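Okay, so the sequence shown: first residue is 15 according to my numbering, each after it adds one. Note that CB positions come from ideal geometry on N, CA and C, so glycine has one too. The structure presented is a predicted model; accordingly, all values stated were derived computationally and were not measured. First up is the structure itself, then whatever we jot down about it.
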Amino acid sequence: MSSLETMGAARRAAAAAIDAQGTDEAEWVAAQLPDHLPHLVLPEGPVVVVAAHPDDEVLGFGGAMAALLDAGAAVHTVCLTDGEASHGTLSASGRERLAARRRGELAAALGELGELPAPVHAGLTDTGLDEQESWARAVIGEVLDAVGAAVCVAPWVGDLHSDHEAAGRGARAAGRDRSTPVWFYPVWMWHWARPYDPRVPWERASVLPLTEAASDRKKAALARFTSQLEGRGSGVGPVLPAREIAHHTRTFETVIR
Ligand SMILES: [Zn+2]
C-alpha cells in the first residue's frame with residue numbers, strides 16, 4: 015500500500031471515529047478523572063499555546079490560559095491555519111471570508127481570557143497540515159525562541175484529527191530541538207474515546223481543576239466562535255454541537271505529557 019493510500023485509510027478511520035455519535039459528557043463526569051489523575055502544576059515562565067485551527071487552544075487549554083494570565087505568566091498563541099475548511103467546499107472568496115471571520119473570532123475569544131499578545135497566524139492549509147509539518151515546526155520554533163518559552167502546549171498527537179496530530183508533531187519536534195517541554199491537550203479524544211480507553215496514555219495525563227472565574231472566562235471565549243457554533247447552512251449542523259461543547263466546559267482541563 016502506498017503512503018498516499020495509507021494516509022487515505024488513516025483519514026477515513028479518523029473521519030469515521032469523529033462522525034460517530036461520540037461519548038456523552040455524563041460518562042466522563044462519572045469517571046471523576048480529577049480524583050484519579052495527578053494535578054497539573056502550571057509553569058511560571060512564558061507559555062506558547064499552539065492551535066491547528068482558531069478555537070483549538072481555547073477548547074483544550076483556555077481555562078489554563080486564563081489561570082496563567084491571572085498568575086502573571088506571559089501566554090503566546092500560534093494558530094497554524096485559519097480554519098478555512100470548516101464549512102466544506104467553498105469558493106476561494108468564501109474561504110477567504112471564513113478565514114477572516116475565524117481570525118476575528120479568535121482575537122475576540124483571546125480577549126475574553128485576558129491580556130495577551132495577538133496570535134501568530136501561520137496561514138498554513140486547513141486539512142493539509144500533515145503535508146506542511148516541517149513548516150509548522152519552523153514557525154513554532156521561531157515563536158518558542160522569540161519569547162523564551164518555558165513550555166509549549168499543542169494539540170495531542172493522538173487526537174485522530176490529521177491537522178491536530180500534525181500540529182502536535184510539529185510542536186513536539188520544535189520543542190525537542192530546544193529542550194523545551196511540550197504538553198498536549200486533547201480535543202476530539204473526548205468525543206471518540208471512553209474513560210480509560212486503552213488508546214489514550216492515561217499514565218501521562220494530568221488535570222488542572224479550574225476556578226469558577228477561569229471557567230467562566232473560558233465559556234465566554236468559547237461563545238465567540240460563532241462560525242463553529244451555528245449551523246452551516248443547507249441543513250448542515252454546527253462543527254461544535256452542544257454535546258461537544260459540553261466536553262470543553264467541564265470544571266477541569268487535561269494535558270498529556
Ligand atoms: Zn481543530
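**Report entry** Backbone CA spacing between Thr141 and Ala180 [nearest angstrom]
**Finding:** Indexing the sequence shown from 1 puts residue 141 at position 127. Indexing the sequence shown from 1 puts residue 180 at position 166. Computed Cα separation, rounded: 10 Å.
Query raised in the report: Alpha carbon to alpha carbon, what distance is there between Asp49 and Ala164?
Result: Sequence index remark: in the sequence shown, residue 164 carries index 150 (1-based). Sequence index remark: in the sequence shown, residue 49 carries index 35 (1-based). Taking the straight line from one Cα to the other gives about 28 Å.
Query raised in the report: Can you name, in chain order, every residue of its own chain whose Cβ lies under 7 Å from the Cβ of Arg238, other than the five neighbours on each side?
Result: The residue you call residue 238 lines up with position 224 of the sequence shown. Answer for Arg238: Glu119, Ala122, Ala123 and Glu126, listed in chain order.
Requested in this report: May I ask which residues mark the beginning and end of the beta strand (DSSP E) holding His90?
Outcome: Taking the sequence shown and counting its residues from 1, the one referred to as residue 90 is at position 76. His90 -> beta strand (DSSP E) spans Val89 to Thr95.
Query - At least 3 beta-carbon pairs within less than 8 Å: the segment 206-219 vs the segment 34-49 - result: yes
Requested in this report: Please confirm whether any heavy atom of ligand 1 lies closer than 8 Å to the CB of Pro131.
Outcome: Reading the sequence shown from its first residue, position 117 is the one you call residue 131. Because no heavy atom of ligand 1 lies under 8 Å away, the Cβ of Pro131 does not count as near it: no.
Query raised in the report: Do you know offhand how far Gly76's Cα is from Arg190's?
Result: The count along the sequence shown starts at 1 and reaches residue 76 at position 62. The count along the sequence shown starts at 1 and reaches residue 190 at position 176. Taking the straight line joining both Cα atoms gives about 24 Å.
Query raised in the report: First and last residue of the beta strand (DSSP E) that includes Phe266?
Result: On the sequence shown, position 252 is the one that residue 266 refers to. Run containing Phe266: Phe266 to Ile270, per the beta strand (DSSP E) assignment.
Report task. Could you tell me which residues DSSP puts in a beta bridge with His272? Result -> The chain is shown only over 15 to 271; residue 272 falls outside these bounds and no answer can be derived.
Query - Best match in Gly86, Cys93 and Gly108 for proximity to Pro60 [C-alpha to C-alpha] - result: Locating residue 60 in the sequence shown gives position 46, counting from the first residue. Taking only the C-alpha atoms, the option nearest Pro60 is Gly86.
Query raised in the report: Is Ala188 closer than 9 Å to Ile154 when the C-beta atoms are compared?
Result: Position 140 of the sequence shown, counting from 1, holds the residue named residue 154. Position 174 of the sequence shown, counting from 1, holds the residue named residue 188. Taking 9 Å as the Cβ cut-off, Ile154 and Ala188 qualify as a contacting pair.
Query raised in the report: Which same chain residues, not among the five before or five after Leu130, have their C-beta less than 8 Å away from its C-beta?
Result: Stepping through the sequence shown from its first residue, residue 130 is reached at position 116. Excluding sequence neighbours, Leu130 sits near Met79, Leu83, Ala88, Val89, His90, Thr91 and Leu124.
Report task. From the DSSP output, read off the bridge partner residues of Gly247. Result -> The residue labelled residue 247 in the question sits at position 233 within the sequence shown. According to DSSP, Gly247 bridges with Val250.
Query raised in the report: Arg183: which of Leu143, Gly162, Leu236 and Val157 sits nearest, CA to CA?
Result: Position 169 of the sequence shown, counted from the first residue, corresponds to residue 183. When only C-alpha atoms are compared, the closest one is Leu143.
Requested in this report: Let me know the secondary structure DSSP gives Val201 once reduced to three states.
Outcome: Walking along the sequence shown from the start, residue 201 turns up at place 187. DSSP places Val201 in coil when its eight states are reduced to three.
Query raised in the report: Hey, Asp96 and Pro68: beta-carbon distance below 9 Å or not?
Result: The residue labelled residue 96 in the question sits at position 82 within the sequence shown. The residue labelled residue 68 in the question sits at position 54 within the sequence shown. The answer is yes: Cβ separation under 9 Å.
Query - Classification of His261 by the beta-carbon crowding that lies within 10 angstroms, buried from 16 upward - result: If you number the sequence shown from 1, residue 261 lands on position 247. His261 should be labelled buried.
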